[in-house]
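This report refers to the structure that appears directly beneath it.
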Amino acid sequence: MIKVLLNQLVWNDWNIEHIKKHSLTPKQVEESILKVVTYKKGYNNRLILIGRSGNRIISTILSRKSGGKYYVVTARDADKKERRKIYEKEKNNSKI
Numbered sequence: 001m002i003k004v005l006l007n008q009l010v011w012n013d014w015n016i017e018h019i020k021k022h023s024l025t026p027k028q029v030e031e032s033i034l035k036v037v038t039y040k041k042g043y044n045n046r047l048i049l050i051g052r053s054g055n056r057i058i059s060t061i062l063s064r065k066s067g068g069k070y071y072v073v074t075a076r077d078a079d080k081k082e083r084r085k086i087y088e089k090e091k092n093n094s095k096i
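In the UniProt record's numbering, the protein residues as written are 1 to 96.
This is the structure:
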């Protein structure tokens, strides 16, 4: 698991409703960020965090704001490629 330091996530009505369309809650997204397994840079300097919330693997896209705050652009279930990357990292870590 990777430790990602975020001072604060920025939520508003729009992004809460948007992630609800992906059957997610802010609590699930925040839990997945606490359990990040991998991350990558997205376009427009966005950060893509992939982590677990319960049995779900969630991909969260964040946009950096000032003061260590990050706006939640969207979150969704990880796609096949992202899930495979998680499984590989977890498999490698379990051998330690």
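Note that beta-carbon positions come from the ideal geometry of N, C-alpha and C, so glycine has one too.
### Contact under 9 angstroms by Cβ, L24 with L62
no
### Validate contact between the segment 85-93 and the segment 24-34 using beta carbons, cut 8 angstroms, 3 pairs
no
### Task
Measure the alpha-carbon distance for Y70 versus L6 and round it to whole angstroms.
Between Y70 and L6, the alpha-carbon positions lie close to 7 angstroms from each other.
### Task
Taking N45 as the reference, give the member of K85, R83, V73, E88 with the closest Cα.
V73
### Query
Looking at S59 and E82, is the spacing between their C-beta atoms short of 9 angstroms?
Between E82 and S59, the CB-CB gap stays under 9 angstroms.
### Task
Could you tell me the distance, in whole angstroms, from the CA atom of K27 to the CA atom of G51?
13 angstroms
### C-beta neighbour in chain C for K85, strict 9 angstroms
Here chain C cannot be found, since the structure has a single protein chain.
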